[in-house]
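Asks: First the structure, then my questions, so here it is.
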Amino acid sequence: MLRRIVRISPKPFLRPAGRVHSQYSTLTSLPRLDRRQSSRGSPTYRPGVHNSLRHPDRQLPLSSPKLSAAFHSTPRNQGIPVIAFFASIFKASTGLELARTASRIALTFIPLIWLKNKRSQRIIKYAALHGFPTSEEHKQKHLTRIRRRTLLLQILLAIPISIFWATIVGSLEQTPLTGRWRMILLSPEEEDEIAAKLAGAGWYNAVGEILAEEGSPKVIPPSDWRYQWVHDTLRRLESSIPVLAREQELCPNWTEGGENSIPLPPPAEYPLRPRPRASEYLRWICDKMAKGDSMLAPSGSIPGAPYSLLVVENPDSSNAFSYGFGPDGGSGIVVYSGFLDEIFSKYPPQYEEQSPPPKTFWQSLFGGLFSSSPARPAHPTPTAEQTAELAILLAHEMAHLLLAHHLESLSGVNVIIPGALSIVADIIRVVIFPVTMLFGPFVNDAVAGLGKVGSGEVLKISESCSSAKQEIEADVVSARLLAHAGFDARDTIRFWEHRSGEDVECAKPGVKAPEPPNPNAATQKIARQIMGDQKTHPVGELRVNCLKEELARWESERRKAISQVSKPD
1 MLRRIVRISP KPFLRPAGRV HSQYSTLTSL PRLDRRQSSR GSPTYRPGVH
51 NSLRHPDRQL PLSSPKLSAA FHSTPRNQGI PVIAFFASIF KASTGLELAR
101 TASRIALTFI PLIWLKNKRS QRIIKYAALH GFPTSEEHKQ KHLTRIRRRT
151 LLLQILLAIP ISIFWATIVG SLEQTPLTGR WRMILLSPEE EDEIAAKLAG
201 AGWYNAVGEI LAEEGSPKVI PPSDWRYQWV HDTLRRLESS IPVLAREQEL
251 CPNWTEGGEN SIPLPPPAEY PLRPRPRASE YLRWICDKMA KGDSMLAPSG
301 SIPGAPYSLL VVENPDSSNA FSYGFGPDGG SGIVVYSGFL DEIFSKYPPQ
351 YEEQSPPPKT FWQSLFGGLF SSSPARPAHP TPTAEQTAEL AILLAHEMAH
401 LLLAHHLESL SGVNVIIPGA LSIVADIIRV VIFPVTMLFG PFVNDAVAGL
451 GKVGSGEVLK ISESCSSAKQ EIEADVVSAR LLAHAGFDAR DTIRFWEHRS
501 GEDVECAKPG VKAPEPPNPN AATQKIARQI MGDQKTHPVG ELRVNCLKEE
551 LARWESERRK AISQVSKPD
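The sequence shown begins at 1 in full-length UniProt numbering and counts up one residue at a time.
So this is what it looks like as C-alpha cells:
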C-alpha cells in the first residue's frame, strides 16, 4: 500500500520584533526554502511568514499569532496613601484602644485553638501508645489541622502586638533642646481640641476652677506693682525664645568672655522647633529619601508666647506653677504672692522716694484749710538680685510650657499607661482563668480588686519617674533661657540649693490630701487633667548636680571651640 509522502517543513520560531539580533541568529539556523520547488498548493510555501522574518519591521497578518506586546507607557498608579492613613490612626489616643480590642479578640479564640490542638495531639499520641490501627492519611489530617491552628494562633497574636508597637513607634518624638525621646499619643486633632478649649478666656476660666478648689482666691490686679514686676520679667524672658530656634545664627559670640563673665550656652544640637504634624513629617521623610539631601525638618511658628499670667494673693504658698498648652493665651503661669514675699525677705528691700505732689494756688494761699490728697503708699523697688530670683522660677515654669510637658503628662497618665495596663490585665486574666473559675466569683472579684490597686501603684511610680525627668529637663532649659535673656545662669545653682533645704514642691492647687484612685477620673475637666500630679517635684542634690553638670558642659564646649579656632591649619 502506497502512502503519500508529504514533505514537512519546520515552522519558524517567531521572536519579538525588538530583538533583532536574536531574529537573525534564528534565521541562520532555519533551512532555506527553494521557491522554485514550491508550488501554489504546497503547504510548505508561506510567503507571509518568510517575508516577516526577512523584514522585521513588517507586521504579521491578523491570522498569525502575536507573541510580543507592543511597547506602551502604563498609567501611573495612584492609590490611597496607606502609610499616611495608618500613621494618622496610630498617632492618636485610639491607637492603644485599637490594640486592646484586637488583643481581646485574639484572647477570646486562643483558649479554643489551644484546646483543639491538645485534643488532636492526644488522639495521635493515644493511637501510638495503645497500638490502635490508624491510617497515615488520618494522622496527616490531624497534623495538618494542628499546623493550621498554630498558624492562626500566631496571626492572632501578631496582630495586636504589631498594632501596639506601631502605636508606640508612631507616638515617639524627640524633645527639643535636650533630644530626649518621649511618647505623646495624641493626634493633631486632639491637640487642637485641647488648645481650643484653653485659648483666650478659656485659660483663665480653667485656672479659676483649679484655684477655686482651695477656696476663694484673690487675684492681684494688673495695676498692682507686683503684677507689673512679674509681667515685665516674664516678657523679658519671652524675648529669648526666638534665639533658641537659631542659636548658631543669633548668638555667634557665645565663646567670648571668660570664667568670671556671664556664661552663654553652646548652640543646642536639637534646636527649639514646633512639633509638626505626622503628615508633615511623612512628607519630609519621603522628600529626603527621594532627593537624598540633608534638608531641615518642617518648622513653623512656636505657639505659646506671649503667655498668660496670674498673680494670686496667698502669703502661705511660696511657689508657682505653669499650666496649659497651645497659642492665643492657652498656656500661662500662676505665681503666688508668698514667693514674692520670700524674695523680699532674703534681700533688703529698697523703697523709692516719692516726692509730695505740687501744691495748687489755693493750697498755698489758705494753707491747711484745703488738705492735700494723701500720698500713695511707698512700695519697694525690685533690685537686680530680686529680679534674678523671680526670673529663675519663671524660666523654669516657662521651660515646661516650651517643651509641652503638660501635654506629655496628659498623654502618659490618661492614655498610654492605662491602655498598656489594661492589655496586661486582660492577658493575666486569661492565663489565670482556669484557676479562678474553680473558686467562684469571690476569687474573681478579689483578683480584680488586686489588679486595680496594682494599676494605681504602677501609675504613681511611672508618673513619679516622668515628673522627675521633666523637672530636671526644665531646669536645664531654664538655664539656657536665662543666659539668652541677660541673666547669670550660675545663680540657678544657688537658688535651688537654698530651696532644697526646705520642704518645697511644685504648687498643686486643689489637692489637700492623698486620695484613692478615682474611677470617674476620665470625666474630669481637661483643665484638671492637664495638670498631672506634681507632688514629686525633685528638689535636692539630684537637681543641683544636673545643673552643675550642664554649666560645666557649657564651659568645656567653649574651651573646645576656642581651641579648634586657634589651632593652626
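Ideal Cβ positions, reconstructed from N, Cα and C, are used throughout, including at glycine.
Is it the case that the Cβ atoms of Leu481 and Ala399 are separated by a distance below 8 Å?
Replies: Cβ atoms of Leu481 and Ala399: closer than 8 Å.
Asks: Do you know whose CA, among Val435, Leu407, Gly208, lies nearest Ser467's CA?
Replies: Leu407
Asks: DSSP three-state label for Trp254, please.
Replies: Looking at Trp254 - three-state DSSP - the assignment turns out to be coil, as it is neither helix nor strand.
Asks: Between Val476 and the rest of its own chain, which residues show a CB-CB distance below 6 Å, the 5 nearest in sequence each way excluded?
Replies: Glu550
Asks: Tell me the rounded alpha-carbon separation between Ala420 and Ala106.
Replies: 16 Å
Asks: Using the C-alpha atoms, what's the distance from Ala485 back to Ser318?
Replies: 24 Å
Asks: If you follow the alpha helix (DSSP H) that Leu244 is in, where does it begin and where does it stop?
Replies: 241 to 245
Asks: Within this structure, are the beta carbons of residue 649 and Ile123 separated by less than 8 Å?
Replies: For the chain, the structure presents residues 1 to 569; residue 649 sits outside this window and is missing.
Asks: By how many angstroms is the C-alpha of Glu313 removed from the C-alpha of Asp224?
Replies: Rounded to the nearest angstrom, the two C-alpha atoms are 11 Å apart.
Asks: Near Ser411, which residues of its chain fall below 8 Å by C-beta distance, leaving aside the five closest residues on each side in sequence?
Replies: Ser93, Ser171, Met183, Ile184, Leu185, Leu186
Asks: Would you report the Cα separation of Leu98 and Arg119, rounded to the nearest angstrom?
Replies: 32 Å
Asks: Just to confirm the assignment, what range does the alpha helix (DSSP H) spanning Tyr204 have?
Replies: Start and end: 201 to 212.
Asks: Nearest-angstrom Cα distance between Asp316 and Val413?
Replies: Put simply, the backbone Cα of Asp316 is about 30 Å away from that of Val413.
Asks: Rounded C-beta distance between Arg543 and Trp496? I'm assuming under 8 Å.
Replies: 5 Å
Asks: State the beta-bridge partners of Lys218 as determined by DSSP.
Replies: Glu313
Asks: For Ile333, which three-state DSSP category applies?
Replies: Correct three-state label for Ile333: strand.
Asks: Give me the Cα-Cα distance between Val219 and Ala196, rounded to the nearest whole angstrom.
Replies: 24 Å
Asks: With H, G and I counted as helix, E and B as strand and the rest as coil, what does DSSP make of Phe321?
Replies: strand
Asks: Within 10 Å of its beta-carbon, does Arg235 have 16 or more other beta-carbons around it, so buried, or fewer, so exposed?
Replies: exposed
Asks: Along the chain, where does the beta strand (DSSP E) containing Arg182 start, and where does it finish?
Replies: From DSSP, the beta strand (DSSP E) with Arg182 extends over 181 to 183.
Asks: Evaluate Glu247 with the Cβ neighbour count: other Cβ atoms within 10 Å of its Cβ, from every protein chain shown; 16 or more gives buried, anything less gives exposed.
Replies: buried
Asks: Within a Cβ cutoff of 8 Å, which residues of the same chain sit near Glu342, ignoring the five residues on either side of it in sequence?
Replies: Ser318
Asks: Taking the Cβ atom as the reference point for each residue, do Thr167 and Leu96 lie within a distance shorter than 8 Å?
Replies: yes
Asks: Go through its chain and collect everything with a Cβ distance to Val430's Cβ below 6 Å, but skip five positions before and after it.
Replies: Leu107
Asks: Please report the residue range of the beta strand (DSSP E) in which Glu269 lies.
Replies: Looking at the DSSP string, Glu269 is not in any beta strand (DSSP E), and its letter there is neither H nor E.
Asks: State the CB to CB distance for the pair Tyr307 and Ser331, rounded to an integer number of angstroms; the pair is presumed to be in contact (CB under 8 Å).
Replies: 6 Å
Asks: On the DSSP bridge list, what partners appear for Leu172?
Replies: Met183
Asks: DSSP three-state label for Gly510, please.
Replies: Bear in mind that a pLDDT of 42 at Gly510, under 50, signals an unreliable position, so the number given afterwards is only what the model happens to contain. Correct three-state label for Gly510: coil.
Asks: Would you please state the rounded distance, in angstroms, between the beta carbons of Arg104 and Asp426? I believe it to be under 8 Å.
Replies: 6 Å
Asks: For Glu238, which option in Phe325, Ser478, Val311 has the closest C-alpha, if you only look at C-alpha atoms?
Replies: Ser478
Asks: Hey, Gly324 and Trp181: beta-carbon distance below 8 Å or not?
Replies: no
Asks: Shortest alpha-carbon distance to Pro271 belongs to which of Asn205, Phe344, Thr178?
Replies: Thr178
Asks: Assign Arg499 to buried or exposed, taking buried as 16 or more other Cβ atoms, counted over all protein chains shown, within 10 Å of its Cβ.
Replies: buried
Asks: Helix, strand or coil for Ser308? Go by DSSP, reduced to three states.
Replies: strand
Asks: So, under 8 Å CB-CB, Ala212 and Ile163 are touching, yes? Tell me the CB distance rounded to an integer number of Å.
Replies: About 41 Å separates the two Cβ atoms, so there is no contact after all.
Asks: Use the C-beta contact count for Gln470: other C-beta atoms within 10 angstroms, 16 or more gives buried, fewer gives exposed.
Replies: buried
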